[in-house]
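>
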Ligand code: C5P
């Protein structure tokens, strides 16, 4: 069974998808980490994220992989776990720019679909229910008011950057959401058959319970 969780940045997808996968005993794939890994690799290679021709020429040699480990998929670049390096707003912005390009999305498509071959999967991203797994049995679109999402992101990022302000985080996630929603390639939008959950007034535990309840009904 495939469970998809899409939505804008800071809606709580990562926390909730971990909890849902744990409760159901499903594996978990964070596809945002794949795009962030591409962003990291491009920055390390000195590739201009806005130069489509340069990105297309660089992509064939790019080695990104997702390896199952302890119930989740670990994202690797050149065989190295990228997790410690990708959780910044800067990497989010690189990911967002690169993910608007069809060649980048195509490069990651098979990798994402392969993750579902091993068994039941919870996957989170922007286009899980619309493009990558259109036939998924349970689809959710998780959102929240922008101020709520910015406050959540700030709490996550502040320990690493004490100078960060709510205004800056709000501006960054608003511009990222705008770019993700308005692009022609796999724009951020709910699948027609997705259950939309506004988490502005809900705790992660409440959202998790709603999702797990629905998946159990469908199974
Ligand atoms: O979810 P996360 O903030 O880690 O994603 C980083 C960026 O990667 C998003 O802003 C989006 O541009 C891109 N992304 C995407 N499609 C996905 C997952 C992430 O375009 N399935």
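Residue numbers (my numbering): 157 to 375.
Where is the CB? At the ideal position from N, CA and C, for every residue including glycine.
Alpha carbon to alpha carbon, how far is residue 295 from residue 338? Give it in angstroms, no decimals.
Spanning the two alpha carbons is a distance of roughly 21 Å.
> What separation, rounded to the nearest whole angstrom, lies between the Cα atoms of residue 365 and residue 180?
Their backbone Cα atoms lie some 11 Å apart in a straight line.
> Below 7 Å CB to CB, which residues in the same chain sit around residue 252 once its five sequence neighbours on both sides are set aside?
332, 335 and 336.
> Use the C-beta contact count for residue 315: other C-beta atoms within 10 angstroms, 16 or more gives buried, fewer gives exposed.
The residue in question, residue 315, is exposed, as its Cβ has fewer than 16 Cβ neighbours within 10 Å.
> Cα separation between residue 287 and residue 249?
Between residue 287 and residue 249, the C-alpha separation is close to 22 Å.
> Could you tell me whether the Cβ atoms of residue 346 and residue 234 are closer together than 8 Å?
No, Cβ-Cβ distance for residue 346 and residue 234 is not below 8 Å.
> For residue 183 versus residue 228, is the C-beta distance shorter than 8 Å?
A contact, by the Cβ cut-off of 8 Å.
> With hydrogens ignored, establish whether the beta-carbon of residue 270 is closer than 7 Å to any heavy atom of ligand 1.
Every heavy atom of ligand 1 is 7 Å or more from the Cβ of residue 270, so no.
> How about residue 285: is its Cβ closer than 7 Å to a heavy atom in ligand 1?
Residue 285: no, Cβ never under 7 Å from ligand 1.
> Do you know how far the Cα of residue 293 is from the Cα of residue 230?
Going by the C-alpha atoms only, they are around 24 Å apart.
> Do you know whose CA, among 355, 367 and 193, lies nearest residue 166's CA?
Checking every option, the nearest Cα to that of residue 166 belongs to 355.
> If you check the beta carbons only, do residue 313 and residue 239 fall under 8 Å apart?
Contact flag unset, no.
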